[in-house]
Every structure is written in structure tokens, then in C-alpha cells.
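Just remember that the numbering used here sits 3 ahead of the position in the first sequence, which is counted from 1.
A virtual CB, placed ideally from N, CA and C, is assigned to each residue, including glycine.
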Amino acid sequence: MTEFAPTQPVGEQPAGYDPAAVERRWQARWETEATNVADLSSGARPFYALMMFPYPSAEGLHVGNLFAFTGNDIYGRFQRLKGHTVFEPMGYDAFGIHSENFALKVGVHPSELIPRNIDNFRRQLKRAGLMVDWTHELSTTDPRYYKWTQWVFLQLYKQKLAYKKKAAVNWCPFDKTVLANEQVVGGVCERCGTAVEQRFLEQWFFRITDYAGRLLANLDKLDWSESTLTAQRNWIGKSEGAEIVFPVQDVMAYAGSATVNEGMSGETTASALEIKVFTTRPDTLFGATYLVLAPEHPLVSQIVADEQRQAVEAYVARAAKQDLVARKTSKEKTGAFTGAYATNPATGQPIPIWIADYVLMEYGTGAIMAVPGHDERDFEFAREYDLPIVRVVAGAGQSADTPLDAAFAETEGCVLVNSSHFDGLTVEDARMAIVTELAAHHAAKPVVNYRLHDWCISRQRYWGPPIPIIYCDTCGVVPVPESQLPVVLPDIEDFRPDDSGVSPLARHEEWYHTPCPQCGKRARRETDVSDTFLDSAWYFLRYPSSDRDDVPFDEELTKRWLPVTSYIGGNEHAVLHLLYSRFVTMVLKDAGFIDFEEPFARFRAHGMIVREGAKMSKSRGNVVNPDQYIDEWGADAFRTYLMFLGPFEEGGDFRDKGISGVKRFLDRLWKSVHDARRDGAADAEVARKLHQTIKKVGEDVPRLSYNTAIAAMMEYMNTLRAGERVPHVDEVRPLVQLASPFAPHIAEELWSVLGEGRSIFDSGWPNYDEALVAEDSVTMAVQVNGKTRGTISVSKTASQDEAMAAALAEPNVAKFVTGAVKRVIFVPGRMLNVLV
RNA sequence: GCUCGGGUGGUGGAACUGGUAGACACGCAGGUCUCAGAAGCCUGUGCCUUCACCGGCGUGGGGGUUCAAGUCCCCCCUCGAGCACCA
């Protein structure tokens with residue numbers, strides 16, 4: 004029988020790293036010690052680290068949310084270590100069609116469902132170890148919040164920036180509901196596949212177009228992701244051009260007179276009607292051979308000739324019936340001739356007036372001058388209906404007679420032809436000249452047009468804040484007095500929308516009828532609720548003041564904390580949410596409530612996470628459930644992995660196997676702290692690497708280059724433990740601080756193991772010594788004729804001669820230096836290139 | 001169609017104002033430890049050729065600028081996201 008000795012413990016065995024225990028302990032301590040509660044009224048150097056708040060879905064927190072929040076949290080924690088008072092609030096964007104549809108589907112009232120979802124979200128968020136100040140949590144569905152959303156509406160109303168008009172909306176006859184454009188896919192409802200209809204309904208709008216110029220101009224001053232700025236610029240879509248007046252010819256007068264008037268006198272108009280068009284190419288006016296009005300254009304019924312009336316009305320009816328989406332996607336050109344003519348103010352010639360659905364009522368004046376020679380769409384239309392095509396612009400090598408077999412849209416280096424006395428002018432000069440000449444007869448004026456539309460905020464739905472308006476038969480439209488806010492969303496059992504196109508709120512008799520605030524007579528409430536984008540367009544103002552019921556936001560706190568120092572969110576909100584927030588902020592500034600007009604000083608868009616190369620989706624069944632990963636690896640490893648898998652602003656690929664790498668890093672960090680020796684001194688070479696690492700991480704984190712910051716820490720760890728080296732405590736202490744924004748729980752734990760009493764997040768950020776960072780000798784590449792042939796190790800300040808000598812001493816290099824040296828390129832400290 | 005991003009080893013991804021391409025991590029291979037395995041630790045790992053050294057080739061494709069190009073310029077292919085008749 005063999006005797007075997009029991010396993011001898013080698014040295015002192017540190018307790019293993021148990022993420023679950025560590026995380027539970029520190030989350031509890033942060034709560035009891037209020038570690039994450041920011042001193043809003045007097046904390047030094049306020050830093051508002053905001054992330055886009057989530058929609059609390061029933062499925063729970065998505066990794067995409069957690070990816071974004073972690074990225075923000077790291078930046079916030081870093082700024083705290085740098086000495087700022089950091090405010091990192093959290094809330095829920097819980098109103099909206101999404102919640103409502105889901106509630107309908109599962110048959111649970113949203114007022115029951117949403118709080119349940121929020122509880123689950125809060126639980127998951129807390130597990131992730133975010134530095135959230137939970138004392139300022141908010142939900143847009145809370146009457147204490149939406150009271151002020153309604154207040155915001157009233158401020159816009161007071162500024163005459165809220166108005167009502169009839170507008171076309173998508174209507175799904177099966178779901179009996181209004182659909183947002185993005186809910187209509189290829190002309191059918193995305194949920195049930197029913198063909199969508201168009202309905203005209205009274206809607207509330209905000210006059211955001213009044214602010215288009217300012218919203219555009221301010222973009223130049225913002226520290227935002229370039230891609231977001233571009234998206235906003237494109238969305239606002241400024242285009243400079245001219246509005247040109249085309250007099251409509253009286254049908255009878257025209258029929259009886261074949262006179263051709265000359266030039267631009269514009270005096271032969273026999274009808275008082277005029278058609279205004281917007282164009283960015285006034286230089287092509289001589290080529291405008293017909294006009295096109297949108298089918299909805301108000302003048303259509305007035306100008307249409309009797310013999311064309313039937314055809315025109317049929318076309319208008321057809322266009323009206325067509326859903327918006329199909330109309331905007333179909334590129335086929337259709338239209339109808341009205342039988343009427345207008346005078347081209349440049350040529351004096353009569354040109355026919357058509358209607359066609361490729362002209363949109365909502366852009367410009369709803370009418371265009373068609374220049375088929377130089378506009379692709381007009382060209383197609385002219386071909387279809389056999390309308391004249393005239394060349395008025397000639398490019399290099401072209402003349403007035405060069406045939407056009409396609410629209411010629413170039414302008415660079417082109418001159419006018421067939422344009423009377425403007426012939427020979429460049430396109431650029433002609434634009435000005437023609438508008439100036441027409442302007443003298445009030446026939447044109449320079450105009451700036453924006454693609455941006457007014458913001459439709461009405462929703463004929465249940466789950467949203469009621470728009471605070473009352474209709475009285477005597478007093479008309481009456482805003483709800485601020486003292487009567489909030490207009491509480493009534494709790495109704497059957498909130499299912501019906502075929503009427505009227506909000507379900509109208510069915511709640513005792514809510515619907517209310518006394519007029521002015522005359523006291525029986526009046527009716529507005530039954531539309533507002534768009535969720537309005538809820539989120541001002542929430543950042545509410546956070547610091549979320550405990551105040553008497554004001555939407557406290558003046559002092561707002562001064563101290565806003566604009567938001569750093570805002571992080573997804574590019575899917577690059578346009579609407581950010582634009583609406585900027586708009587509401589400007590309006591509130593103009594109304595004197597705040598003293599800044601741009602809400603987010605800095606904005607960075609984070610990337611998207613995919614899983615094993617594929618987009619995550621329920622149908623693919625590849626959705627990452629954070630709970631499961633946190634159970635298995637711990638929140639610290641999960642957070643760090645999310646940040647490691649790719650550049651934060653680009654997103655990355657979540658691969659299950661990858662997480663083991665960062666877990667190993669944390670294990671080694673744990674072990675290094677527990678094993679660290681306290682005797683002797685730190686190693687000089689390790690110290691150099693340490694200082695380089697402090698510098699690198701400190702530069703990478705503010706750039707949100709988290710993946711490279713983590714790689715740098717791993718590299719340092721490799722140095723620290725190379726060849727089973729036992730590190731010195733001074734070598735590991737700063738590393739715990741560097742890692743703390745990424746892995747806050749283990750960092751706190753190790754910080755206390757190192758004997759520190761206070762939270763690591765109040766310990767400051769380690770400094771580095773620039774002198775220590777610089778290497779005194781460098782490895783330089785040596786090339787011969789541009790090919791790298793070897794390396795030399797020389798002092799950082801070595802001269803060219805010294806480097807040459809060292810290089811030639813290298814056999815691998817000398818071998819290739821066969822002839823006389825013709826030229827030497829020397830980049831000090833970097834490389835040496837010898838040309839022979 | 002337009003706008004904005006991308007295309008780098010077996011994989012995710014590094015690379016500052018042009019200056020040793022492939023940091024860091026996954027995976028893989030070998031070693032160590034172990035009764036054995038797991039975990040850990042150590043070593044190696046772009047491709048081709050070679051026992052090895054040496055050498056050659058390499059950042060989607062093709063041209064160009066430069067002593068030097070993943071990086072700058074031109075053309076093309078391709079993937080992703082957003083917008084979509086905006087006059």
C-alpha cells in the first residue's frame with residue numbers, strides 16, 4: 004500500500020473570487036451608504052452623465068440597453084474618480100403604442116403591466132452595478148411626471164407653436180388603429196398584413212419648422228458624433244432656391260387669342276389665379292414646359308377645364324385612396340391634364356398644367372415647374388405623356404441643339420442655352436440673374452425651404468398623456484389651466500381602439516365631458532394623447548428636480564446641472580428624439596424658463612451588438628439574456644466583456660466564448676492583490692509599464708475607446724505576472740483603480756483588501772509620471788530600399804549617424820547594403836531607411 | 001437611387017499627425033501540474049517554402065502618389081445602417 008501525504012497548502016491560499024458574493028455585498032453597501040447619491044445642491048464640479056432611458060419592455064432588459072448603460076457608467080465613474088460630482092439618473096419611457104399593443108395582446112391593462120416591467124428592469128439594472136442615483140428615478144407614465152409633459156404642451160400652445168390641422172394618417176382597418184409610418188411595411192400593416200388606408204384626421208402639430216434654421220445652424224457648435232450631426236442636417240434638409248409665380252391663363256381668353264406675348268412683361272394674364280412653385284433651379288426656367296400640382300393642391304378644382312374635370316377628379320380620388328407608403332415608394336409616373344394653362348414668366352409661352360402624385364403637397368408649395376430636360380422625374384413624366392423637352396443647360400462639348408436622351412442634371416461648368424439674353428451665363432450666375440429680373444415684377448423671390456415637417460404630436464390612442472385642451476361651444480378651444488394639471492389618464496377597462504378613428508378616451512363619458520374652465524358650461528376634452536417623443540423631449544430637465552411637485556424643474560438646480568454634460572445613446576434616435584429635445588429646449592429658452600438652448604453639450608452614439616455575426620432577434624432565438632450571463636460570470640465580467648468585444652461607438656460581436664478572457668483577467672487581478680508582496684520595492688521596468696498603462700487608460704476612457712483601455716490593462720497584467728512573478732502591492736493598487744469603472748464591485752472589494760476604508764470611487768484617479776512613461780531606448784525599424792530588414796535598439800535621442808552605425812553592425816541589414824548608399828531617410832526614434 | 005459607416009489571421013478586433021501590420025482576447029497546438037481529468041500556469045500560432053535559418057507573399061480588387069501606404073488620391077466590387085419621387 005502506497006502512503007500518500009495529504010496535499011500541503013502552498014503558502015497562504017487566498018479565498019477564491021466569488022463574483023456573486025462580492026457583487027451582492029457591494030450593491031448592498033452602495034445602497035446603505037448612499038454611495039451613488041449625488042449631492043445636487045452643492046457637490047463640486049457637477050457632471051451630468053445621461054443615458055437614453057429605456058422603454059421597459061415585458062421581455063426585460065436587452066443586452067443592447069446594458070451595453071449602452073455600461074458605456075455611460077464607465078465614463079461617469081471615470082469622471083467621478085477625476086473629481087467630479089457625477090449625476091447618473093435612470094428612468095423609464097413607458098408610454099406609447101408599443102406598451103399598449105403588448106397589453107392588448109396579453110390582455111393585461113398597461114397600468115398593471117408597466118409597473119411590473121419597471122420592477123423587473125430596476126432589478127436587472129441594479130444587478131449590473133450601475134452608479135445610478137436611484138433617488139431621482141422617474142417614469143413618463145407617472146402623473147407626477149406627465150403633469151409637466153402637459154405643462155410643456157401648454158407652453159408651446161401659449162407661444163402659438165401648437166396648432167391643429169387636418170392631416171393624412173395611416174389607418175389599419177383590421178386593427179382599427181392609426182399606424183406610424185414605420186409600422187407600415189410595403190403598404191400593409193406590419194402586424195396583421197392588412198392593406199393600410201389613408202384617413203384625414205384633425206391632428207395637433209408643433210411648429211418645429213419655425214426653428215429649422217436655428218436647429219441647423221447650432222449643429223456646428225455641438226460636440227456630437229459626426230454621424231449624428233450629418234443625420235440631423237439631412238433630416239432638416241435645407242435647400243435654397245426661389246419661389247416663382249406662374250399666372251394661370253383664363254381658359255376662355257386663351258382659347259380666343261393666339262397672341263404670343265413677348266419677354267417677361269407678364270401683363271397678359273387674363274386670370275387672377277396664380278400658381279407658386281418652389282425650385283432650386285431657377286436657372287432652368289426657360290426649360291419649364293409644363294407645371295405639375297399635387298393632386299391635393301387647393302387650386303386644382305378651380306383651374307380644371309370642364310372637359311377634363313372627370314378625368315382629374317378620378318385621378319384625385321385614386322390618389323387619395325392610395326396609402327401614403329405605397330404612393331411614396333411607387334416610382335411610376337402617373338398624372339392627369341387639367342386642361343388649364345399657365346404662362347411661363349420667362350418665355351411668355353402658355354404651358355399646360357398637370358396634376359401628378361409625384362408632387363407632394365407637404366413639400367415646398369405643392370406645385371412644381373417641370374423642367375424635363377434637366378430633372379429626371381420630370382423627364383420620365385414628359386416621356387410618359389409626350390410633353391415637350393427643351394434643353395436650356397449645356398455642359399462641356401454640348402450645344403443648344405445637342406439632343407437629350409436623359410435628363411441632364413449637371414451644373415458644374417455648364418452654361419445656359421435657349422434662354423434668350425441669359426444664354427452663355429453659367430448656371431450659378433443665371434440663378435441670381437433670373438430671380439433678380441423676375442423679382443422686379445414680383446414674379447419671384449429667393450426662398451429657403453426645409454424638408455423638415457411640423458411635428459405631429461396627436462395619437463388617437465389610449466396609453467399616453469392626454470393633451471390638455473378643452474373644447475367649449477361658447478369659448479372655443481380652451482387650454483386646461485396649469486392649476487388643473489395633470490389631466491389624469493382615466494383608468495378604462497376597454498382601451499381597445501375602434502373603427503371611428505377617435506381615441507378610446509372619447510368613450511369615457513364622465514371624463515370626456517368637463518366644465519369649461521372659462522365659462523363653466525359643459526364642454527368636451529381633447530381625446531388625443533400626445534406622442535411619446537414629447538415625453539422624452541424634456542426628461543433630462545426633470546431628473547435633477549424629480550422630487551419637486553410644485554415646479555417642472557428647479558431654477559437653481561437646472562442652472563447647476565444643465566445642459567447635460569455627456570449624453571450617450573443609440574443612433575436610432577439620432578434624428579427624432581434629439582431634434583425634438585433640442586426644439587423643446589429652444590422653446591423653453593425663448594419663453595424664459597431656462598438660459599441655454601442646446602440641451603446636450605456632448606453626445607456620442609454607441610454601436611449595436613450582434614450575436615455571432617447575426618442581428619439579435621426573438622425569431623432567431625439568439626437574444627442574450629443578461630441575467631443568465633451575470634449568474635454565470637458575474638456582472639463585473641459581463642460589463643467588462645461587453646466593453647471589450649469591440650469599439651463602443653461601433654458595437655461588436657457577442658461571442659459566448661469571449662467572456663472567459665475577461666473573467667480570467669479579473670481572476671488574475673483578484674489573485675494579484677491577495678498575493679501581492681509588501682516588502683521591497685516595485686520593479687522599475689514594471690513601474691514604467693504601469694505609468695504607460697495609466698496614461699493609456701486615462702486617454703482611452705474619455706474617447707470611449709474602452710476595448711483598447713481593457714487591452715492595455717491586460718497587457719499590464721501580463722507584465723505584472725510574467726513568468727509567475729509575484730507583484731508588489733504598489734504595482735497592483737493603481738491597477739485596481741484603473742479597472743474600477745469597468746468592474747466596480749471587485750474593485751471595491753480589492754480596494755478594501757488593500758486596506759482602504761472609503762469607496763474606491765472617492766479615491767481619485769492615479770497619476771502618471773511623464774518622465775517614467777518615456778522609454779530611454781527604443782527599437783527602431785531598419786529598412787533597406789523600403790523593406791524592413793531588421794531592428795536596432797538605440798537611445799531615443801540617437802542621431803542619424805549613430806543609428807546608421809548600429810544598423811550596419813547588424814548582419815541582416817549589412818547583407819542588403821550592397822552598393823553605395825544613395826540616400827538615407829531617418830525619422831528619429833522611429834525608423835531608418837537606407838536606399839542603395 | 002441617395003446619405004453615413006465598414007471590408008485587416010481560423011474568430012472578435014489593435015495600429016497615434018503615412019514610419020516594424022496583426023496589440024489584446026478567443027480558438028488551436030505543444031508542454032507543465034495531476035492517479036486521471038477540469039482549472040491554472042508556461043510556450044508557440046498571418047500565409048507559402050524550409051528540419052531550421054534565410055527568403056517570398058500579405059490589410060476586398062485594380063491603378064496612382066511617396067524613400068515608405070491598412071492609413072492619402074482615382075476607379076471598381078461587396079456588406080451593414082438610415083432615408084427614400086424633397087422639386
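| Asked | Found |
| --- | --- |
| Spatial neighbours of G832 in its chain, beta-carbon cut-off 6 Å, leaving aside the 5 residues before and after | V781 and K799 |
| Whole beta strand (DSSP E) elements within the segment 741 to 785, 3-residue minimum | none |
| Length of the line joining the Cα atoms of M267 and F209 | Here M267 scores only 40 on pLDDT, less than 50, and its place in the model should not be relied on; the value that follows carries that caveat. Roughly 40 Å between the two C-alpha positions. |
| Whole-angstrom distance between L294 and Q305, CA atom to CA atom | 15 Å |
| Member of D122, R147 and S60 whose CA lies at the smallest distance from the CA of N104 | S60 |
| Boundaries (first-last residue) of the beta strand (DSSP E) holding D656 | G654 to F657 |
| Alpha carbon of G369 to alpha carbon of V587, nearest angstrom | 28 Å |
| Inter-residue spacing [alpha-carbon to alpha-carbon] between T791 and V816 | 9 Å |
| S755 versus V554: straight-line alpha-carbon distance, rounded | 42 Å |
| P92 beta carbon less than 8 Å from that of Y546 | yes |
| Whole beta strand (DSSP E) elements within the segment 352 to 408, 3-residue minimum | 353 to 359 and 370 to 373 |
| Rounded separation between I473 and R623 - CA only | 48 Å |
| Whole-number beta carbon distance between K699 and A715, since they are thought to touch under 8 Å | 4 Å |
| For Y453 and V362, the rounded distance between their alpha carbons | 16 Å |
| Rounded separation between E718 and I795 - CA only | 23 Å |
| Option in A433, T346, A409 and P489 with minimal Cα separation from T143 | P489 |
| At least three beta-carbon pairs within less than 8 Å, the segment 62 to 76 to the segment 422 to 437 | no |
| Contact belief for K825 with L835 at Cβ below 8 Å, rounded distance in angstroms | The Cβ separation is near 14 Å, so there is no contact. |
| Inter-residue CB distance, H677 and Y771 (contact presumed, cutoff 8 Å) | With 8 Å as the limit, H677 and Y771 do not qualify as a contact, their Cβ atoms being about 25 Å apart. |
| Enclosing beta strand (DSSP E) for T696 [first to last residue] | T696 -> not in any beta strand (DSSP E); alpha helix (DSSP H) instead, spanning A687 to D703. |
| Proximity below 8 Å, CB of V567 to CB of Y51 | yes |
| Burial state of A23, where buried means 16 or more other Cβ atoms lie within 10 Å | exposed |
| Reduced DSSP secondary structure (H/G/I, E/B, other) of Q631 | helix |
| G655 burial status per 10 Å Cβ neighbour count (16 or more: buried) | buried |
| Under the three-state DSSP convention, the category Q521 falls into | coil |
| With 16 other Cβ atoms within 10 Å as the buried cut-off, status of I371 | buried |
| Residues of its chain near P348, where Cβ-Cβ distance is below 8 Å and the 5 sequence neighbours each way are ignored | I247, V248, F249, P250, M267, G269, L288, L441, H444, A446 and A447 |
| Contact the segment 413 to 423 vs the segment 302 to 317: 3+ CB pairs below 8 Å | no |
| Element boundaries [alpha helix (DSSP H), containing I472] | Note, I472: premise wrong, no alpha helix (DSSP H); beta strand (DSSP E) at I472 to C475. |
| Residues that L835 bridges to, as DSSP identifies them | V785 and F829 |
| Length of the line joining the Cα atoms of T180 and L204 | 12 Å |
| Y20 versus S549: straight-line alpha-carbon distance, rounded | 39 Å |
| 8 Å Cβ cutoff met for Y709 and I77 | yes |
| Per-residue DSSP class, three states only, for I713 | helix |
| Chain-order list of residues whose beta-carbon lies under 7 Å from that of F819 (same chain, five-residue window excluded) | V787 and R792 |
| Buried or exposed (CB count within 10 angstroms, at least 16 for buried), S802 | exposed |
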